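For reference, the structure is listed below as structure tokens.
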Amino acid sequence: MLTRLVFPPQWIPTQPYLSLPSLTAFLKASHCSVEQMDANISFYDTLLSKQGLHDHFERVQSRFQELDSKKELLPELQGQYAALSSSMLFGEYVINEVEDAKRLLRNKEDFYDIEELFRAFKLLELGLKLASSAYYPTNLTFHSYDMRYSCRSSREVLSAVNDREENLFIDYFEKNTVPALLRDRADLIGISIINTSQLIPGLTLANLIKKADKEVHINIGGSVFTRLINEVSRNKELFSVFDSVIVHEGETALLSLIKHLDNELEVREVPNLIYRDGDLIRMNRICSEGEDINSLPAPCFDGFPLDAYFSPELILPVLSSRGCYWKRCTFCDHGYGYSGNYRPRSVELLYNDLETLKSKYKTGFFTFQDEGVSTKLMSALSDRIISNKLGISWLGDSRFEPSFSAEYGSKLSEAGCRMLYFGLESANERVLKCMDKGIKKEDVLKICRYSTEAGIWTHLFLIFGFPTETREEARETMDFILQNRAIIRSMSFGSFQLTKHSKVYETPSSFEVGRVNQDDNIDISLWYDYETASGMSKKETDALIQGFYNELSLKYRDFPVWSNLDREHLFLYISHYKRTKNRVPQISMLIDRIQKKQLKKVQVGINPKNRKQYLSIKEGVFVGTFNFNLAQIIHDMMAGSAQKNGLAQERVNVLFDTNNNRVFTVTDFARDILEMSRGESKVSEIVESIKEKYKLPNDEAESKCKSLLQGLMDRNIIYAKNR
Numbered sequence: 070m071l072t073r074l075v076f077p078p079q080w081i082p083t084q085p086y087l088s089l090p091s092l093t094a095f096l097k098a099s100h101c102s103v104e105q106m107d108a109n110i111s112f113y114d115t116l117l118s119k120q121g122l123h124d125h126f127e128r129v130q131s132r133f134q135e136l137d138s139k140k141e142l143l144p145e146l147q148g149q150y151a152a153l154s155s156s157m158l159f160g161e162y163v164i165n166e167v168e169d170a171k172r173l174l175r176n177k178e179d180f181y182d183i184e185e186l187f188r189a190f191k192l193l194e195l196g197l198k199l200a201s202s203a204y205y206p207t208n209l210t211f212h213s214y215d216m217r218y219s220c221r222s223s224r225e226v227l228s229a230v231n232d233r234e235e236n237l238f239i240d241y242f243e244k245n246t247v248p249a250l251l252r253d254r255a256d257l258i259g260i261s262i263i264n265t266s267q268l269i270p271g272l273t274l275a276n277l278i279k280k281a282d283k284e285v286h287i288n289i290g291g292s293v294f295t296r297l298i299n300e301v302s303r304n305k306e307l308f309s310v311f312d313s314v315i316v317h318e319g320e321t322a323l324l325s326l327i328k329h330l331d332n333e334l335e336v337r338e339v340p341n342l343i344y345r346d347g348d349l350i351r352m353n354r355i356c357s358e359g360e361d362i363n364s365l366p367a368p369c370f371d372g373f374p375l376d377a378y379f380s381p382e383l384i385l386p387v388l389s390s391r392g393c394y395w396k397r398c399t400f401c402d403h404g405y406g407y408s409g410n411y412r413p414r415s416v417e418l419l420y421n422d423l424e425t426l427k428s429k430y431k432t433g434f435f436t437f438q439d440e441g442v443s444t445k446l447m448s449a450l451s452d453r454i455i456s457n458k459l460g461i462s463w464l465g466d467s468r469f470e471p472s473f474s475a476e477y478g479s480k481l482s483e484a485g486c487r488m489l490y491f492g493l494e495s496a497n498e499r500v501l502k503c504m505d506k507g508i509k510k511e512d513v514l515k516i517c518r519y520s521t522e523a524g525i526w527t528h529l530f531l532i533f534g535f536p537t538e539t540r541e542e543a544r545e546t547m548d549f550i551l552q553n554r555a556i557i558r559s560m561s562f563g564s565f566q567l568t569k570h571s572k573v574y575e576t577p578s579s580f581e582v583g584r585v586n587q588d589d590n591i592d593i594s595l596w597y598d599y600e601t602a603s604g605m606s607k608k609e610t611d612a613l614i615q616g617f618y619n620e621l622s623l624k625y626r627d628f629p630v631w632s633n634l635d636r637e638h639l640f641l642y643i644s645h646y647k648r649t650k651n652r653v654p655q656i657s658m659l660i661d662r663i664q665k666k667q668l669k670k671v672q673v674g675i676n677p678k679n680r681k682q683y684l685s686i687k688e689g690v691f692v693g694t695f696n697f698n699l700a701q702i703i704h705d706m707m708a709g710s711a712q713k714n715g716l717a718q719e720r721v722n723v724l725f726d727t728n729n730n731r732v733f734t735v736t737d738f739a740r741d742i743l744e745m746s747r748g749e750s751k752v753s754e755i756v757e758s759i760k761e762k763y764k765l766p767n768d769e770a771e772s773k774c775k776s777l778l779q780g781l782m783d784r785n786i787i788y789a790k791n792r
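Be aware that the sequence shown starts at 70, since it is given in our numbering, and climbs by one per residue.
Structure representation (structure tokens):
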């Protein structure tokens, strides 16, 4: 029998995800017929293409015309009108530029021009906005997929998977993914859902497959449903779009399911399986010990479009262990998806994995996906890498272990370690104790210094708003970062989230958490709102985070680089710009380059009499005319003061600066000038044209044009240059 495994959108399209390659390798080693598909990267690659965006733009145009022709725009339609109108402004521009933007992300030279890279990102983000507006109020980004339906409610998720008007995946899956999955009659299709952003897309795909072929068995796997094991086992409605769920680790369970479907095994003998049996949902024995990690083969990436990922180098994920060897952090539930205890892979096998993958897929870039790589294991692995001159670059998550020495840091660096991610979370001793982090601040500073001296980039994770944390305690963390920014190179941070299987959730009173807000309609939530009698509120925490973000932007010169790059792209930048031995890459030099380029772009003053002066509107600035005041609608939306009454038709010229997210109205006079400022007209020619159209004396035309153009230049809307 044929098994097809699929990884659905939405996930970051910078590298393959490890779940399917691990399962595929295991099934192939067990002599199963198996194929795998990364539908996530295929989706982004197709959507963000000239034809893909053109198809969505046609839908945008149709819906826009319907709204723009109304005599009155009701309040409930104004948000949609704003989204559609914006897409009408930049749509054709993005369609024409999108292929070049993708090409740059995959180019091994152009990728490292940070200005051009950010320009490419901006274009692709506008492409996603265009596609999203066609299915308003849906919003797709590289990091999320949001609909008006909540992914925390099974009832709403099941409504979303059938909503053709707002679910942008239905048309795509019907045309592309479903036919490919049902080709040559697969008997089992497995869908891996590892994040809530995949929940609606993944179940949309399952639903469409089930409608197209009721006989194929659809199995859902991944950490999302593992965390929802109790809820799934009681929810018959969910089983209307799939046949079974495998929870926890999936290798043995999936092989057993294949044997069952091939009439070699009774269904009740399939471990970790939840399935529908008539009107009942049954759950089989949960395997508590987990897989023997040293009996598993190296992951197999065959069948993935390895040249399609949005990176100039192929970056492959690997695991050195399963589970977390610390497993005590009170806010964390990451280890819940793994069965059994911490299990490290042997150094010999792990080295062979890296050597095999490097040779087979022609890449030297790897990311360790462990919750925390063991210092003992990585030390031994580094010895092998160095002695065999494997020549790879890699990153991994680590802990602030006292055993981390200067010698260990130097060894990691020599073995190709470019980045280490550490979970600091807080620099306040009381909060650290509440989190049960088991780390000391003196070790944090020592390890960051050792890493920096070894040329390894250190990235810290922070959590603000842990139950009972005060503003003063949070301030201590921020000061700790800012005072040690020479050895703490970058960081990610957010507010505390009460996750389903964390120790805070399981024993809330121990952390002074009072009421945990649970709702029967929110029946498949992985996190919960809560109330606490002390510490910062959610609103206070969010304000503090924004303030810290502003401080970092002032204190870290390279903040614009590392704060805007995804992990894999930052990894490549650090590897590319690595300095001499024992020096951390100075990404800040990229900022120097940008500033030097800007200094060279000295703008000349507007001179209507200069016959060699040409005007150009800035890239990313668009002008259009609409029947409703787009600028007013967007301003009201951003201010949170939506109109209570409908808007009457009012023909308005609008300027949309996508570079700075500015929208404002302009006069007909300004619109005419901007339309001529495309780099092909001299200032003197623009003045002459305006003089004739508006029947103005020459001096008045020159004066008005110069005043307006200078104002537009001051607002960074246009620029002038001499040829």
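We put the CB at the ideal spot given by N, CA and C, even for glycine.
These numbers were taken from a predicted model, which means no experiment stands behind them.
CA-CA distance, Asp376 and Gly748? 36 angstroms
For Leu143 and Ser622, I'd like the C-alpha separation in whole angstroms. 40 angstroms
Leaving aside the five residues before and after Lys607 along the sequence, list all residues of the same chain whose C-beta is less than 6 angstroms from its C-beta, in chain order. none
So what's Trp631 in DSSP terms, helix, strand or just coil? helix
Buried/exposed call for His212, threshold 16 Cβ in 10 Å: exposed
As assigned by DSSP and simplified to three states, the class of Thr425: helix
Taking 8 angstroms as the cut-off, is the beta-carbon of Phe311 closer than that to any non-hydrogen atom of the ligand NAD? Here there are no bound small molecules, and the ligand NAD is not part of this structure.
With H, G and I counted as helix, E and B as strand and the rest as coil, what does DSSP make of Ala170? helix
If I'm right that Asn341 touches Val316 with Cβ under 8 angstroms, what's the distance once you round it to whole angstroms? 5 angstroms
Going by Cα to Cα distance, which pick from Lys328, His329, Thr295, Glu333 is closest to Glu318? Thr295
When DSSP labels each residue in this structure, what does Gly404 get in the three-state scheme? helix
In chain order, what residues of the same chain have a beta carbon less than 6 angstroms from the beta carbon of Gln779, not counting five sequence neighbours either side? Ile675
Which of helix, strand or coil does DSSP assign to Glu184? helix
Give the DSSP-derived three-state secondary structure of Glu440 in the structure shown. coil
Count the other CB atoms within 10 Å of the CB of Glu382; is the residue buried (16 or more) or exposed (fewer)? buried
Thinking C-beta only, is Tyr86 closer than 9 angstroms to Ser261? yes
From Cys517 to Ile557, what does the alpha carbon distance come to, in whole angstroms? 6 angstroms
Bridge partner(s) assigned by DSSP for Arg337: Paired residues: none, contrary to the question.
Rounding to the nearest angstrom, what Cα-Cα distance links Val752 and Phe733 in this structure? 24 angstroms
Buried versus exposed, by CB contacts within 10 Å (16 or more), Glu358: exposed
Rounded C-beta distance between Glu637 and Gln79? I'm assuming under 8 angstroms. Incorrect: roughly 16 angstroms between the Cβ atoms, too far for contact.
For the alpha helix (DSSP H) that contains His125, what are its first and last residues? 119-137
Looking at the structure shown, is Val316 part of a helix, part of a strand, or coil, going by DSSP? coil
Would you mind working out which of Ser380, Lys171, Leu195 sits nearest Phe691, comparing C-alpha positions? Leu195
For the beta strand (DSSP E) that Met352 lies in, which residues bound it at each end? 349-352
Measuring straight from C-alpha to C-alpha, what distance separates Ser451 and Lys480? 7 angstroms
Report the start-end ranges of each beta strand (DSSP E) in the segment 219-307 that is 3 residues or longer and not cut off at the edges. 257-261, 286-290
Can you tell me which of Phe373, Phe95, Leu501, Ser380 puts its alpha carbon nearest to the alpha carbon of Leu324? Phe95
From Asp312 to His570, what does the alpha carbon distance come to, in whole angstroms? 26 angstroms
For Ser228 versus Asp592, is the C-beta distance shorter than 9 angstroms? no
Cutoff 6 angstroms; reference Pro206; Cβ partners in own chain excluding five residues on either side: Arg217
Establish whether the CB of Arg453 and some CB of chain C are separated by less than 9 angstroms. Note that chain C does not occur in the displayed structure, where there is just one protein chain.
Out of curiosity, what's the CA-to-CA distance linking Gln566 and Met70? 43 angstroms
Which one of Met782, Leu781, Glu757, Lys762 has the shortest CA to CA distance from Glu771? Glu757
Start and end residues, alpha helix (DSSP H) containing Leu89: 88-98
Does Asn728 pass the burial test, meaning 16 or more other C-beta atoms within 10 Å, or should it be called exposed? exposed
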